[in-house]
Each structure stands twice: as C-alpha cells, then as structure tokens.
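Student: Here's a structure for you.
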Amino acid sequence: MRKLWLILAAVVASVAFSQTVPALPAYNGPAVTITVWSWVPGLDKAVAAFEQAYPNIKVDVSNVGSGPNEYTKLLTALKAGTGAPDVAQIEYDFLPNFIDFGGLADISKYAAPYESAFVPWTWGQVSPDGKAVYAIPQDTGPFALVYREDLYKKYGLSVPKTWAEFEANAQKLAQATNGSVQYTDFYSTFAPWFMGLVWADGGKLWTHSGNGWTQSLNSASAKKVIDFWGNLVDKKYAATLPDFTSELNSALAKGQITTLIEAAWGPGSLASRLGAESAGTWRAAPLPQWGTGGTFASGNWGGSSDVVTSQSKHAEAATIFSLWLNTSPTALALNWENGGLFPAAKAGLTMPALHDTSKNPSKFFGGQDVAQVYAEASAGVPTDFQWAPWFLYANDNFNKYIADAVAGKTTWSAALDAWQQDVLNYAKGQGYQVSGQ
Amino acid sequence: MRRGGIAAVSWRVLVLILALYFLLPFFWLVISATKSTGQLFTSFGLGFASPWHLLDNIRGMLAFQDGVMGRWMLNTALYSGGVALASTLFSAMAGYAFSKFEFPFKTVLNLMILASVLVPITALVLPIFLILHDLGLINTYWAVVLPLLVNPLGVYLMLIFWDQGFPKALQDAAYLDGASEWRVFWQVGLPLVRNGLVTVGLFSFVSTWNNFFLPLVVLSKGSLYPVTVGLAIWNSTAQTGASVDYPAILVGALVSVLPLIVAFFTLQRYWQAGLTAGSVK
Amino acid sequence: MRRRWFVPYLFLAPFLSLFLLFYLVSIGYAVYLSLFVQRGIRPKIFTGLANYARVLHDDQFLSSLGTIARFGIIQIPIMLLIALALALYLDGLRNARWRTFFSLSFFLPYAMPTVIGGLLWGYLYSKGLSPFNQALAPLGLKIDFLGARGLLWSLGNIITWTWTGYNMVILYSALRGVPAELYEAARIDGASNAQVVRFIKLPMVAPALALAALFSIIGTLQIFAEPFVLRSLAFVPTNLMPNLYIYFTAFNYGNFNYAAALAVVLAVITFVLSIGMLALLNRQRSRL
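As structure tokens, then:
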C-alpha cells in the first residue's frame with residue numbers, strides 16, 4: 001500500500017516537476033575554478049559528477065568544519081575583504097546575519113527561475129523579501145516525533161496525535177514507572193529547537209517590513225509552547241539533557257527516555273551516535289498538533305543552504321554549481337547517502353534512495369520508511385517564518401533565562417519576557433530599527 | 001628512607017593520589033578508545049567494557065577519508081617540530097641579548113614585547129590573516145609556522161635561565177680566550193642553559209601541537225590541517241546528522257597525544273641530569 | 001668593552017623581525033580598527049574613542065572583568081602553590097623512576113587536546129554519569145558541576161588541572177638549574193633539608209615563580225578555550241570571561257571594530273596588573 005502511494009507520489013511529483021521547473025542552465029562563460037566551503041561529507045563524489053556535466057567549471061571543495069568553525073573563517077575572510085570562497089554552506093537561521101554583514105551576493109538573476117524546484121518554505125528562507133535571492137536551499141530539518149516502540153508497548157502508550165495526548169502519555173508513564181523512565185527531553189540549550197516548535201504553531205519571532213523590524217520572542221504562541229514544555233519539565237516528565245551529549249546518549253541507550261522531537265536529520269544522528277544500542281526499537285510519527293481537525297503543521301530545526309559570497313568573481317558559475325548540487329538527482333542521492341542531507345528540493349523528497357528502508361536511518365527505525373514521515377512534515381512547515389540579523393545574540397542568550405526557569409527561579413513565560421527585553425536592547429544598541437510587539 | 005621515613009611515605013602517598021587525579025582525563029581517553037559507540041554511553045566511563053573494540057576503532061580511524069589521519073599527524077609533527085626548534089633558538093638568542101647586553105632602547109623593547117603578550121590573540125587573528133594574505137601565505141605551511149615562531153614568553157623564560165645559568169665571570173673568561181660573540185653564545189653559553197632550552201622547546205612543541213584557532217583560520221585545505229583542526233572538524237559533523245564514528249575520533253585523539261608523551265620522555269632525560277651531573281642531590 | 005654596538009641587535013634580529021611583522025603590525029591594525037564603527041563591510045565611520053567610551057559603560061564586559069578577578073584571586077594562588085610544592089618535592093626525590101612518573105602525570109593534562117574536551121568533560125561533569133557523583137551517591141549527594149553555582153569552580157578545576165603541570169615544569173627546571181656547589185656549601189655548613197629549601201631553593205626559584213605568576217595573570221585574563229568547550233554541555237554566558245566576550249563580539253556577531261577596542265582595554269588592564277609582577281621580577285634579577 002505504502003509502495004503504491006510512493007509510486008503515485010513520485011509520478012505526480014515528476015509531472016509537476018517537469019511542468020514548472022526549467023532545466024538547469026548551460027554554462028557558456030570562460031573556464032573558471034570556483035572554491036566551495038561545505039561540511040557535507042563525501043562532497044567530492046558529487047563534485048566529480050558535476051565537473052563531468054560542466055567541463056568549464058572546476059570545483060575546489062574544502063571542509064572547513066560545520067557551523068561555527070566555518071562561520072569564524074567566513075566572517076574573518078569577509079571582513080578582511082579577501083580570502084572568502086565562491087560558495088559557502090550556511091544554515092538558514094544564520095543567513096540574515098551574513099546578508100546584513102554584506103557578505104552574500106544577490107543571485108536572483110540566475111536562481112529565481114528555479115524557485116518552484118524547492119519546497120516553498122525553504123525558498124522563503126533564502127529569499128526573505130521575496131525578491132533578492134541569497135542562497136540555494138540545500139537540506140532541511142522538519143520536525144517529527146520519534147519514539148521507542150518497545151517502551152510504548154511495555155507501558156501501554158499510544159502514539160500521540162496532539163500535544164494533549166503527548167502530555168497524557170507523559171503522565172501515564174511517570175505513574176507507571178514511578179518516574180524512573182522519563183517521557184521526553186527538553187533541549188533547553190538549543191534555542192532553534194524551541195523556535196522550530198513556535199514555527200510549527202504558526203508563530204513568528206521576527207518580521208521585517210519597510211525599514212523596521214518587529215520582534216516577538218514572547219508572543220502568545222511562544223508562551224504557549226514554553227509553558228507546555230515548562231510544565232513537563234516542572235513535573236519531571238521531561239528531562240533537560242542537552243542534545244549530542246554523552247549523558248543524553250546514555251539515557252537513550254538505557255531506555256530512560258522514550259520520546260524525542262527530532263528534525264529530519266535527527267534519526268540519522270541517533271543511529272550513528274547510539275550504534276547498536278536500542279537499534280530497531282525506534283519509530284517516527286508526525287509531530288503532535290495543538291488541536292484536531294486543522295491542517296497539519298510542522299516546524300523546522302536546522303538545515304542549510306549554499307550561498308554565493310560577495311567576494312565571488314564567478315557568481316554565475318557558483319550559482320549553477322549550487323543549483324546543480326541541490327536539484328540534480330545524482331547530487332541529491334549522493335548528499336543523502338553520504339551526508340544525511342534531507343533535501344529541500346521537491347524532487348529529492350520522492351527519490352528512491354531517500355526511502356531505502358534497508359539502510360540507516362530506516363534500518364535503525366526497524367525498517368520503517370522514516371523519510372516518508374519527514375517528507376510529509378516538510379510539506380506542513382509554514383512558509384513565512386523569518387530570522388533577524390541578530391538571531392545569533394538571541395540564540396546565545398536563550399539559555400541564560402531558560403536555565404533560571406529550569407531551576408525554578410522564575411516562571412517560564414517570565415523567562416521569555418526577560419529574553420525578549422535583553423535581545424531587544426541589544427538589537428537597538430546595534431543600531432537596528434526594531435520594536436517589541 | 002630511615003630519616004623521617006613516615007613523613008616521606010605519607011608525602012609519597014599524597015603526591016601519588018594527586019597524580020592519579022591529574023591522570024583521570026588520560027585514563028578516560030585510553031579506556032574510551034577501547035569501546036564501541038554503544039559501550040561508550042552504557043558502561044562505566046573509567047572502567048573497561050568487554051569485548052574490546054580497540055582494533056575496530058583503530059581501523060575506523062585509519063579508514064576515515066582514505067587515511068587522512070596519517071597526513072594530519074605528519075603535518076602536526078612538521079608544524080610542532082619546526083616551530084619548537086626555530087622558536088627556541090630565536091627565544092634563546094633574544095633572551096641572551098636582553099640578559100647579557102646593554103643597548104639603547106632595551107627597556108622600551110622589553111616593555112613592548114611584554115605589552116604584546118597582553119593583547120588577546122582573538123583580536124590579532126584578523127590582522128594576522130591580512131598580513132599572511134598580503135604575503136601570499138594563506139593555505140601554506142608557513143601560515144601556521146611563521147606567527148608561532150614569535151614566542152615572547154619563551155624570551156622571558158630564557159632571560160631568566162641566562163641570568164641564572166651563565167654567570168658573567170664565565171662569559172668574560174670566554175671573551176678573554178678570544179672567542180667570538182657567536183662562539184660564546186653557541187658553544188659556551190647554550191650548553192649551560194640546557195634546562196631552559198628544553199623547557200621552552202617543550203612548551204613550544206606542545207602548544208603548537210594543540211594549537212587550533214590559528215590553523216583553523218589560515219588554512220582551508222584538508223591536506224594541510226594539523227590533527228587538532230582535522231579532529232575538530234571530524235567531530236563537529238556529529239551535530240549535522242551525518243554519521244560520525246566517536247570511537248574512531250577518540251582513538252585519533254589518543255594517537256595525537258602519544259607523540260607528546262614520547263617528546264616529554266625524551267626531554268625528561270635532560271632535566272634529570274640537572275645542571276651538573278653527579279650532584280649531591 | 002671592545003664589544004660592538006650592533007651585536008645585541010644581531011641576536012635579537014630573528015625574533016624581532018617576526019615580532020614586528022606579526023605582533024606590532026597586528027596590534028597597530030587592531031588599534032586602528034578600534035577607532036571606527038562599521039557594520040559588516042559597509043562604509044566605515046571614524047568615531048575616534050567612541051568605542052572606548054562604550055566599553056567603559058558595557059555592563060556585559062564589566063561583569064566579565066568582575067568574574068575573572070574573583071576567579072583569578074582564588075585559582076592562581078592555589079595552582080601556583082601546588083605547582084611549587086610539587087616542584088620542590090620532585091627536586092628532592094631521589095628515585096628517578098618516580099620522578100619521571102610524577103612529572104609526566106602532572107604534565108599530561110596540558111598535552112590533552114582541547115578538541116575532545118567536550119566529550120571528556122561531558123562525561124566527568126555530567127550529573128548522571130560523573131564518576132565523582134557516582135562516588136558521592138552513597139552519601140546522597142549529587143553535584144551539578146555545570147549549573148550556575150558550580151560552573152566557575154568546575155572551570156577552575158579544569159584550568160588547575162591543565163596548567164599546574166606547566167607551572168611545575170617551569171619551577172622544576174629552574175630548581176634543576178641551581179648550581180650544585182651551592183648545595184654542597186650548605187651541607188658543609190650543616191644546613192637541614194628545611195633550611196636548604198628556605199634559604200637556597202626558594203630564593204633561587206623566586207624569579208621563575210614571579211614569572212609563572214606573571215604568565216598566570218596574563219593567561220587567566222585570556223582564558224578562552226575551556227569555557228568555550230563547555231558551551232556544548234551547559235549554559236556558559238558569552239560574557240563569562242573577557243576573552244570569551246571578545247571572541248563572540250568579533251567572530252559570532254561580526255563586530256570586529258568593537259572587539260578590537262575591548263581587546264585593547266583588556267590589554268591595558270593586564271598591563272597594569274602585571275607591572276607589579278614585573279617590578280618584582282626585575283628586583284629579583286638585579287639581586288643575582
């Protein structure tokens with residue numbers, strides 16, 4: 001049944017694809033070499049295929065580290081006015097910071113025709129004002145629920161469809177185990193995780209209009225989300241172990257936590273972090289909803305794009321490479337298999353490699369077609385969510401206030417208020433026109 | 001042993017406990033290197049778990065990116081060895097000048113060198129990047145080596161060792177024998193400050209070995225990375241959803257420490273001797 | 001003297017040329033940067049000392065200075081005392097094997113790559129897994145090493161762990177540099193062990209100790225890697241310590257100009273603090 005659905009989806013998608021997306025452009029310029037900074041493992045194989053398709057563009061690719069390591073280098077080179085690559089991988093939430101810095105080229109001239117190749121919300125991320133285009137979407141991290149099926153059976157839990165059921169499960173588990181097994185984990189040190197949940201609720205943290213910004217880190221939606229999780233933490237239904245730590249890995253391996261809200265790259269990460277421990281016992285399900293009967297919505301955590309820097313002298317070739325890397329079937333399959341990149345391209349969501357249940361992460365998830373859950377999640381991500389240039393400051397200071405709430409020194413919504421005020425003061429101090437909402 | 005036997009033994013025990021405490025991180029690294037991914041998080045961190053996976057982990061490390069670890073180790077050895085040798089010599093020469101000569105601007109220079117150490121490297125990375133770029137050295141071995149050859153703390157250390165270990169009388173005697181300036185420094189002086197050279201060399205070697213920030217910023221070619229940058233980049237993929245082999249990274253970290261231990265042992269011999277062999281101590 | 005005037009400069013030349021190129025020029029450039037306001041790579045505006053005026057009113061920076069002062073006053077003396085005691089102990093130890101073992105043990109933490117710090121401290125300092133907490137469990141104790149209260153102490157432990165061996169090596173090698181004749185003379189005069197320590201070893205090691213203290217003050221004001229690594233495990237404020245704050249200002253928020261001003265102010269503060277140490281150092285040197 002699922003297979004049939006898949007084939008159907010693939011056919012529909014490919015028809016839609018061929019109707020609206022123009023073929024990748026030819027490159028008629030002079031022979032050039034472009035430099036690329038990316039932390040996608042195994043990118044050299046995709047590059048070899050690209051150089052065959054575009055003999056006049058040579059690609060010199062370096063892995064200079066993921067996230068902060070690369071940004072440090074990139075900011076230094078941009079500020080120095082020299083030494084930046086043509087193409088760099090940047091996460092969506094960091095894009096406005098680099099745009100504001102003046103470090104990214106507007107590539108709408110070359111890229112705009114390809115908007116329809118990508119899941120709509122990802123284009124909103126790379127083209128915040130709908131005109132200029134600063135990046136090509138690469139991978140995404142829509143949210144789903146991942147859970148230990150064995151533990152659910154053992155404790156008689158059913159997969160929650162709403163957050164109310166989620167909380168009911170947590171309560172039931174706490175009673176059944178006397179608190180020795182916790183239902184879930186609140187990633188208190190990761191602001192983008194929390195922001196992704198607000199995103200899933202249709203909430204907004206920043207909006208840009210005219211010359212000014214509005215910031216609402218403590219909006220009704222944000223407070224609804226934080227109060228919900230705060231309640232779980234207060235009642236000890238949710239642990240507060242930071243993601244990627246030994247302590248969380250240990251708790252997961254020992255079955256002390258049953259359920260996580262994970263982005264699309266999460267299952268692969270879990271599979272490699274936990275190795276053989278708890279393999280085959282995990283399953284994925286759609287993100288719980290706030291109510292029943294509405295349209296299904298999810299949020300996004302992480303994912304990245306490929307930008308062309310303002311120092312690049314080969315913007316056209318650089319854009320062609322970025323487009324090829326993120327839309328061509330060859331590259332999409334390689335990026336998924338070697339790098340675990342959950343694609344932003346519509347075509348990628350239906351490719352067979354993504355749904356290969358004999359390999360991780362599906363193997364770690366007992367052979368479930370995990371990607372299907374996440375492909376549907378991606379379709380439910382609201383398209384108009386925006387970040388601000390000072391997102392990094394908000395990100396770095398989220399936990400300053402949340403840690404107080406975890407410790408019971410303040411209420412959860414008061415923590416958000418304080419955070420909002422702190423970040424607002426910072427943004428004003430940096431000269432941004434911004435008002436609190 | 002007879003004199004103050006109990007006191008000596010209790011001192012020994014106290015220092016031993018302290019030593020074990022200081023060795024904890026190393027124990028943890030050695031033990032972790034023998035574990036599989038799962039064992040890493042399910043077994044007691046300071047106890048071995050069976051079965052051992054050391055060989056698998058070594059294989060995992062060697063297989064990573066077609067054995068790039070070996071390349072990184074070699075790079076690090078080149079950086080550290082080169083920097084340690086050259087910067088120790090430069091520091092010894094500069095310290096000698098400050099210790100044994102009077103010359104105009106000596107105090108000014110002295111203060112300038114001190115003042116330069118006070119500016120945190122975080123503020124100097126951008127200018128250093130620009131200078132290296134203007135010299136065309138970005139993405140070369142020189143980009144890592146040249147800035148690290150300046151070792152102001154080494155100069156100060158050597159200054160003290162020159163003061164202490166090479167008395168004026170000895171220096172004057174050498175001059176009277178008709179030795180040239182360079183001979184007095186190289187053949188008469190240097191052997192007497194061996195301890196200082198070894199200390200400065202060791203510090204310089206280790207700090208270059210573990211240096212991360214400078215090579216991160218000035219290099220973007222995997223083939224030039226030192227092992228610290230390579231491992232950090234390898235480790236950082238853990239947070240991207242790509243598969244990551246923690247045990248292999250830990251073995252890599254362990255392997256990267258071993259040469260430092262060897263270096264320490266080798267240099268240790270020079271200290272053990274003390275300044276004059278066969279002293280009463 | 002018949003010595004020629006340029007000889008000292010020849011000895012200084014290799015160090016000094018690189019020093020001028022990489023330090024003085026860099027510092028000059030940093031000072032230049034600090035006189036401008038520039039968002040990203042947009043046109044820069046000369047603002048003179050405005051950045052410095054801002055530093056003096058920057059609560060985040062001032063609070064980081066307060067933290068580092070409290071931290072250093074406790075951590076530096078503890079670390080130096082342990083290092084001195086160990087150096088004296090090793091120097092008096094006759095068994096060469098123990099001496100090697102001990103000096104290596106204390107030095108090893110300095111050699112541990114910071115890269116794996118996240119995994120290492122994530123284990124040693126986690127609430128649930130820490131061997132310390134497992135040892136304390138029977139007493140019903142559980143320490144939150146990386147909580148708001150424990151953070152600075154845990155950091156102090158890491159830094160003591162890392163740098164005690166370093167300082168011990170400085171002091172130990174200074175002790176080994178003491179000419180043997182001095183000890184012989186003392187023995188002939190019938191000095192006791194304690195007297196040898198008090199009247200020969202301590203004075204001889206004093207310049208090295210002053211130098212170690214100077215290094216420690218400078219190093220403490222520039223602490224960066226250790227709190228940075230802990231950020232993956234727990235909440236570490238970006239302004240916990242001055243250099244961390246400078247790093248974030250430049251490399252996270254992209255404000256290199258303001259970061260340069262912060263760095264210059266930090267350098268001036270360090271300078272004032274180390275002047276005392278330097279005077280002490282010079283006095284001791286002149287006595288020799």
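Going down the list, the protein sequences come from chains H, W and U. In terms of the numbering used here, the first sequence opens at residue 1 and continues consecutively. In terms of the numbering used here, the second sequence opens at residue 1 and continues consecutively. In terms of the numbering used here, the third sequence opens at residue 1 and continues consecutively. Quick reminder that beta carbons are idealized off the backbone N, C-alpha and C, glycines included. Computed from a predicted structure; not experimentally measured.
Could you check the C-alpha separation between residue 75 of chain H and residue 48 of chain W for me, to the nearest Å?
Tutor: Sequence index remark: in the first sequence, residue 75 of chain H carries index 75 (1-based). Sequence index remark: in the second sequence, residue 48 of chain W carries index 48 (1-based). When rounded, the distance between both Cα atoms is 44 Å.
Student: Quick one, are the C-beta atoms of residue 347 of chain H and residue 117 of chain H less than 8 Å apart?
Tutor: Taking the first residue of the first sequence as 1, we reach residue 347 of chain H at position 347. Taking the first residue of the first sequence as 1, we reach residue 117 of chain H at position 117. Cβ atoms of residue 347 of chain H and residue 117 of chain H: closer than 8 Å.
Student: Closer than 8 Å between beta carbons: that is the criterion. Which residues of the segment 222 to 242 of chain H meet it against chain U?
Tutor: Cβ contacts with chain U come from 242.
Student: So within the segment 51 to 112 of chain H, which uninterrupted beta strand (DSSP E) runs reach at least 3 residues, ignoring any that extend past its ends?
Tutor: Entirely contained in the segment 51 to 112 of chain H, the beta strand (DSSP E) runs reaching 3 residues are, in chain order, 57 to 62 and 87 to 91.
Student: Check whether chain H comes within 8 Å of residue 263 of chain W, counting only Cβ atoms and requiring the distance to be less than that.
Tutor: Here residue 263 of chain W corresponds to residue number 263 of the second sequence, with the count starting at 1. It does not: the Cβ of residue 263 of chain W has no partner Cβ on chain H nearer than 8 Å.
Student: Closer than 7 Å, Cβ to any Cβ of chain U: which residues of the segment 71 to 96 of chain W, in chain order?
Tutor: Against chain U - using a Cβ distance shorter than 7 Å - the residues of the segment 71 to 96 of chain W are 90, 91, 93, 94 and 96.
Student: Given that residue 73 of chain H touches chain W, what residues does it touch there, using C-beta distances under 8 Å?
Tutor: Translated into the one-based positions of the first sequence, residue 73 of chain H becomes position 73. Within 8 Å Cβ-Cβ: 216, 217 and 220.
Student: Since residue 401 of chain H and residue 426 of chain H are thought to touch, with beta carbons under 8 Å apart, how far apart are those beta carbons, to the nearest angstrom?
Tutor: Here residue 401 of chain H corresponds to residue number 401 of the first sequence, with the count starting at 1. Here residue 426 of chain H corresponds to residue number 426 of the first sequence, with the count starting at 1. Residue 401 of chain H to residue 426 of chain H, Cβ: 13 Å. No contact.
Student: Go to residue 182 of chain H, then tell me how far its beta strand (DSSP E) extends in each direction, as first and last residue.
Tutor: Looking up residue 182 of chain H in the first sequence gives position 182. From DSSP, the beta strand (DSSP E) with residue 182 of chain H extends over 182 to 185.
Student: Would DSSP call residue 155 of chain H helix, strand or coil?
Tutor: Along the first sequence, one-based indexing puts residue 155 of chain H at 155. Coil, per DSSP.
Student: Grab me the residues of residue 159 of chain W's own chain with a C-beta within less than 8 Å of its C-beta, minus the 5 sequence neighbours each way, in chain order.
Tutor: Residue 159 of chain W sits at position 159 when you count from the first residue of the second sequence. Hits under 8 Å: 95, 98 and 99.
Student: Give a yes or no on whether 8 Å exceeds the smallest Cβ distance from residue 145 of chain U to chain W.
Tutor: Taking the first residue of the third sequence as 1, we reach residue 145 of chain U at position 145. By this cut-off, residue 145 of chain U is not an interface position.
Student: Applying the criterion that 16 or more other CB atoms from any shown protein chain within 10 Å of the CB defines a buried residue, is residue 318 of chain W buried or exposed?
Tutor: Given that chain W is displayed from residue 1 to residue 281, the structure contains no residue 318 of chain W and the question cannot be resolved.
Student: Which partner residues does residue 262 of chain H have in the DSSP bridge list?
Tutor: Looking up residue 262 of chain H in the first sequence gives position 262. Residue 262 of chain H pairs with H:144.
Student: Can you list, in chain order, the residues of its chain with a C-beta nearer than 8 Å to that of residue 151 of chain H? Leave out the 5 residues immediately preceding and following it.
Tutor: Taking the first sequence and counting its residues from 1, one reaches residue 151 of chain H at position 151. 157, 181, 255, 258 and 281, listed in sequence order.
Student: Under a three-way DSSP split, which group does residue 300 of chain H fall into?
Tutor: One-based indexing of the first sequence puts residue 300 of chain H at position 300. Of the three classes helix, strand and coil, the one that applies to residue 300 of chain H here is strand, per DSSP.
Student: For a contact meaning CB atoms closer than 8 Å, what does residue 127 of chain U contact in chain H?
Tutor: The residue given as residue 127 of chain U occupies position 127 in the third sequence. What residue 127 of chain U touches in chain H: 247.
Student: Please state whether DSSP places residue 228 of chain W in a helix, a strand or coil.
Tutor: Position 228 of the second sequence, counted from the first residue, corresponds to residue 228 of chain W. Helix, per DSSP.
Student: Which ranges does the alpha helix (DSSP H) cover as unbroken runs of at least 4 residues, wholly within the segment 333 to 363 of chain H, from first to last along the chain?
Tutor: You should have 346 to 349.
Student: I'd like to confirm the pairing. Which residues does DSSP put opposite residue 423 of chain H in its beta bridges?
Tutor: Here the question's residue 423 of chain H lines up with position 423 in the first sequence. In DSSP, residue 423 of chain H forms no bridge with anything.
Student: Less than 8 Å between the C-beta atoms of residue 208 of chain U and residue 182 of chain U, yes or no?
Tutor: Numbered from its first residue, the third sequence carries residue 208 of chain U at position 208. Numbered from its first residue, the third sequence carries residue 182 of chain U at position 182. Result no, Cβ atoms of residue 208 of chain U and residue 182 of chain U do not sit closer than 8 Å.
Student: Given that residue 243 of chain U touches chain B, what residues does it touch there, using C-beta distances under 7 Å?
Tutor: Among the protein chains of the structure shown, namely H, W and U, there is no chain B.
Student: For residue 102 of chain U and residue 16 of chain W, I'd like the C-alpha separation in whole angstroms.
Tutor: By one-based count along the third sequence, residue 102 of chain U stands at place 102. By one-based count along the second sequence, residue 16 of chain W stands at place 16. Straight-line Cα distance between these residues: approximately 8 Å.
Student: Can you name, in chain order, every residue of its own chain whose Cβ lies under 6 Å from the Cβ of residue 54 of chain H, other than the five neighbours on each side?
Tutor: As a working mapping, residue 54 of chain H is identified with position 54 in the first sequence. Around residue 54 of chain H: 27.
Student: Determine the closest residue to residue 52 of chain U out of U:283, U:16 and U:265, with distance taken between C-alpha atoms.
Tutor: Locating residue 52 of chain U in the third sequence gives position 52, where the first residue counts as 1. Nearest C-alpha to residue 52 of chain U: U:265.
Student: Is there a Cβ from chain H that is less than 8 Å from the Cβ of residue 66 of chain U?
Tutor: Walking along the third sequence from the start, residue 66 of chain U turns up at place 66. So, not an interface residue.
Student: Might you give, ordered along the chain, the residues of its own chain that have their beta carbon closer than 8 Å to the beta carbon of residue 75 of chain U, omitting 5 neighbours on each side?
Tutor: Numbered from 1 along the third sequence, position 75 holds the residue referred to as residue 75 of chain U. Correct list, in chain order: 156, 159, 160 and 220.
Student: Rounding to the nearest angstrom, what Cα-Cα distance links residue 199 of chain U and residue 180 of chain U in this structure?
Tutor: Numbered from its first residue, the third sequence carries residue 199 of chain U at position 199. Numbered from its first residue, the third sequence carries residue 180 of chain U at position 180. So the alpha carbons of these two residues sit roughly 14 Å apart.
Student: Under 8 Å by Cβ, that's how I've got residue 202 of chain W and residue 103 of chain W pegged, so tell me the actual separation to the nearest angstrom.
Tutor: Along the second sequence, read from residue 1 onward, the residue named residue 202 of chain W stands at position 202. Along the second sequence, read from residue 1 onward, the residue named residue 103 of chain W stands at position 103. Actually they are not in contact, since the Cβ atoms of residue 202 of chain W and residue 103 of chain W sit about 30 Å apart, beyond 8 Å.
Student: Report the rounded CA-to-CA distance for residue 320 of chain H versus residue 110 of chain H, giving the unit in angstroms.
Tutor: Here residue 320 of chain H corresponds to residue number 320 of the first sequence, with the count starting at 1. Here residue 110 of chain H corresponds to residue number 110 of the first sequence, with the count starting at 1. Residue 320 of chain H and residue 110 of chain H: Cα-Cα distance of roughly 8 Å.
Student: Mind checking which residues open and close the alpha helix (DSSP H) that includes residue 38 of chain W?
Tutor: The count along the second sequence starts at 1 and reaches residue 38 of chain W at position 38. Counting along the chain, the alpha helix (DSSP H) containing residue 38 of chain W begins and ends at 37 to 42.
Student: Residues of chain H with a CB under 7 Å from the CB of residue 244 of chain W: which are they?
Tutor: Numbered from its first residue, the second sequence carries residue 244 of chain W at position 244. The contacting residues are 272.
Student: Identify the residues that DSSP records as bridge partners of residue 10 of chain W: which are they?
Tutor: Along the second sequence, one-based indexing puts residue 10 of chain W at 10. Answer is none; residue 10 of chain W lacks a bridge partner.
Student: Closest to residue 315 of chain W by CA distance: which of W:250, W:169, W:151 and W:262 is it?
Tutor: The first residue shown for chain W is 1 and the last is 281, placing residue 315 of chain W beyond what the model contains.
Student: Determine contact between the segment 268 to 275 of chain U and the segment 201 to 217 of chain U, defined as no fewer than three beta-carbon pairs at a distance below 8 Å.
Tutor: Touching, per the Cβ criterion.
Student: Evaluate contact between the segment 215 to 224 of chain W and the segment 137 to 147 of chain W, counting only Cβ atoms and requiring at least three cross-stretch pairs below 8 Å.
Tutor: As far as the Cβ criterion goes, the segment 215 to 224 of chain W touches the segment 137 to 147 of chain W, which means the pair count is three or higher.
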